[in-house]
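Following: one structure in structure tokens, then a few remarks.
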Amino acid sequence: MRLLQTRALTDLGHAFNRPNSQVVAVAASVVLLVAGFAMWAAWLTRDVDEPRLTVTFLQTSYGESIFIRTPNDNRLLIDGGGDENEVAHSLGSLLGPWDRNIDIVMLTHPDTDHVGGLTAVLGDFHVDTVIHSGIQASSDVFDKWSTAIEDHNDVVVVRPGMTLGLDHDVFLDVISGGCLEASVVCANANDASIVARLRHGEISFLLTGDIERAAELRLANSIANLRSTVFKAPHHGSATSSTSSFIEVVDPAAVVVAVGTQNRYRHPDEDVMARLKRAVGADRVFRTDLLGAVVFETNGKRLWTVYQN
């Protein structure tokens, strides 16, 4: 049986001392065992009635998927993993059997391990807006997705520089994505992934799709400030990505490695994991294949995380 683990990200060292620091709180937890179930009775410094942004990095068999709920319960799903029905089932568990509404579905790029579950989501849920990078792919899975969005009323192809207002003081800044700049080589769909920063107050998440070294270098050289509280390691922790220079400019307090439990590429790379752990500390690197769904909650000033163990 897996036990839910709840903790605050605490004592972040350099994060407290830099300009415009992203403050992360100290919290405590109490565990109660009731009828064989493990549940957290209290997060002693956390007001459960306080509006908060929730970012859930779902566990998938392969690929990745991120589900975001704003303080006013606006909802954004980024990518759908590779399994046809897995993410739709996970969302059903999170939302309940009668709640079938998602405001935005975003596809970062058309690889099967990101688009594979989105067609089922579009079929099972009422989705207001579909957002994608404009990149095409030659696969049956992508063809199903393309057919599914043909009749959708609101489909948006993102442009770098766009900002989506998700809620009061919750914004998604599109930093990069698609073959829309002369410097982007579209032969590499990974490097054309949508890269976006989700921000709420003093807390931010850099969401990176599957970008690789070339895109990391381009972003590091062209974007004035990539610094973010939480960094989703690009490309599932692959050796192609998470260069030392990119980690340095992001300067995160915590890292999520969204990697499938059954991925056949042996992600994440050992050297990349060592690099990430050196940057933020081993206890602040969260792997979805080992921990299950990793959930962050923030009120814009403090940040908590919940994960399975």
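For the sequence shown, this note's numbering gives the first residue as 1292, with consecutive numbering after it. Ideal Cβ positions, reconstructed from N, Cα and C, are used throughout, including at glycine.
Q. Should residue 1392 go down as buried or exposed, given a rule of 16 or more other Cβ atoms within 10 Å for buried?
A. exposed
Q: Would you grab the beta carbon distance between residue 1567 and residue 1511 for me? Rounded to a whole angstrom, and I think it's under 8 Å.
A: Their Cβ separation, rounded to whole angstroms, is 16 Å, which puts residue 1567 and residue 1511 out of contact at 8 Å.
Q | Residues that residue 1497 bridges to, as DSSP identifies them | A | 1488 and 1522
Q.
Given this structure, state the Cα-to-Cα distance separating residue 1400 from residue 1578, to the nearest angstrom.
A. 21 Å
Q) Is the Cβ-Cβ distance between residue 1371 and residue 1344 less than 8 Å? A) no
Q.
Threshold first: 3 residues or longer. Then list the beta strand (DSSP E) segments lying entirely within the region 1393–1469, N to C.
A. 1417–1423, 1446–1448, 1454–1458 and 1461–1467
Q: Could you check which residue in 1546, 1551, 1388 and 1552 has the C-alpha nearest to that of residue 1564?
A: 1546
**Q.** Three-way DSSP call (helix, strand, coil) for residue 1579 in this model
**A.** helix
Q: Determine the burial state of residue 1350: buried for a count of at least 16 other Cβ atoms within 10 Å of its Cβ, exposed for fewer.
A: buried
Q: List the endpoints of the continuous alpha helix (DSSP H) containing residue 1555.
A: Residue 1555 -> no alpha helix (DSSP H), and no H or E assigned at all.
Q) How would you write the range of the alpha helix (DSSP H) that residue 1505 sits in, first residue to last? A) 1504–1513
Q) So what's residue 1366 in DSSP terms, helix, strand or just coil? A) strand
(Q) On the DSSP letters alone, give me the boundaries of the beta strand (DSSP E) that residue 1360 sits inside. (A) 1357–1360
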